[in-house]
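> Residue numbers for the sequence shown, in this note's numbering: 12 to 252.
Positions of the beta carbon are idealized from the N, C-alpha and C atoms, including for glycine.
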Amino acid sequence: MPSSGSAAIAGGGGRFAAFKLDARDEQAITELIRTERCDAVLNALDPRFVMPVFRAALSAGVTYLDMAMSLSRPHASDPYRQPGVKLGDEQFALAGEWERRGLLALCGIGVEPGLSDVFARYADCLLAQIFQSTACNAIHSIEQRAAKWIVSAMERTNEDAIVPLTHEQLATLLGVGRSYASRVLQTFKAEATLETRRGAIVVKNRAALQARACLCNEQVKTHFEEVLRGVYPTEEPSRPS
Numbered sequence: 012m013p014s015s016g017s018a019a020i021a022g023g024g025g026r027f028a029a030f031k032l033d034a035r036d037e038q039a040i041t042e043l044i045r046t047e048r049c050d051a052v053l054n055a056l057d058p059r060f061v062m063p064v065f066r067a068a069l070s071a072g073v074t075y076l077d078m079a080m081s082l083s084r085p086h087a088s089d090p091y092r093q094p095g096v097k098l099g100d101e102q103f104a105l106a107g108e109w110e111r112r113g114l115l116a117l118c119g120i121g122v123e124p125g126l127s128d129v130f131a132r133y134a135d136c137l138l139a140q141i142f143q144s145t146a147c148n149a150i151h152s153i154e155q156r157a158a159k160w161i162v163s164a165m166e167r168t169n170e171d172a173i174v175p176l177t178h179e180q181l182a183t184l185l186g187v188g189r190s191y192a193s194r195v196l197q198t199f200k201a202e203a204t205l206e207t208r209r210g211a212i213v214v215k216n217r218a219a220l221q222a223r224a225c226l227c228n229e230q231v232k233t234h235f236e237e238v239l240r241g242v243y244p245t246e247e248p249s250r251p252s
């Protein structure tokens, strides 16, 4: 096993395990699913191994997902005029059995159009963030941008008032020297908006800091929510009964 894979499993706190088996051996796969008490199987193997894993999941009685469907094959005697086995035919032939057992199988969820659509959405959001940051650096003051980054850091640390952000790190985010970042923090401290301690910023007045910040973060969040809606669904407020 590659060292990176070994390191990932070793650092997984018991959440991950690796096994070596023949992907053509349906019985071995079925036994492994049962032994590990899996709830679902995500098959990302070469399409040639789709059917053994597909049937093993059915035998083990678990939910199944795959990235590519069972392969097509040309007509045995008249391949240019007669359709042969079409993509996914072997899996669809077992649809009734999955339904009868009350099991779910999602076939062909990626890469086209499944994962490619998700990747395209992430690329869209990443570019939007880059463009917004470029405009922000050109238009907004260093105080506005500093307040924006500190508020953003709070949002990423469960709204904790103690933000693990050093002067050097803030300067890097702002694209300025450390002395400039320290000067801005001193201004905020004089306004009783925040305090600093070793390796952290302590926000004393979130509302005042938010008022100081530009709206670039809100613009980016709105774009993320529009483009990634359904990928990361937002919780709807509960309605009174």
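#1: What residues in its chain sit with their C-beta under 6 angstroms from that of arginine 66, if we drop five residues either side in the sequence?
#2: Pairing CB atoms from the region 100 to 115 with CB atoms from the region 68 to 85, are three or more of them under 8 angstroms?
#3: Do valine 162 and alanine 211 have their beta-carbon atoms positioned less than 8 angstroms apart in this structure?
#4: Exposed or buried, what is glycine 113 when buried is set at 16 or more other beta-carbons lying within 10 Å of its beta-carbon?
#5: Assign valine 213 to one of two classes, buried (16 or more other C-beta atoms within 10 Å of its C-beta) or exposed (fewer than that).
#6: Note down the Cα distance separating tryptophan 109 from valine 73, rounded to an integer number of angstroms.
#7: Going by DSSP in three states, asparagine 228 sits in which element: helix, strand or coil?
#8: Any idea if proline 94 is buried or exposed, counting beta-carbon neighbours within 10 angstroms, 16 or more meaning buried?
#9: Compute the Euclidean distance between the alpha carbons of arginine 45 and arginine 35, then round it to the nearest angstrom.
#10: So within the region 41 to 115, which uninterrupted alpha helix (DSSP H) runs reach at least 4 residues, ignoring any that extend past its ends?
#11: Can you list, in chain order, the residues of its chain with a C-beta nearer than 8 angstroms to that of threonine 168? Leave out the 5 residues immediately preceding and following it.
#12: Are the CB atoms of valine 52 and cysteine 136 nearer to each other than 8 angstroms?
#13: So who's on the other strand from glutamate 206, going by DSSP bridges?
The structure says:
#1: If we look at arginine 66 and ignore the five residues flanking it on each side, its Cβ neighbours are Glu37.
#2: yes
#3: No.
#4: exposed
#5: exposed
#6: Roughly 10 angstroms separates the two Cα atoms.
#7: helix
#8: The C-beta of proline 94 has fewer than 16 other C-beta atoms within 10 Å across all chains shown, which makes the residue exposed.
#9: 17 angstroms
#10: 61 to 71, 100 to 103 and 106 to 111
#11: Val174 and Pro175
#12: no
#13: Val213
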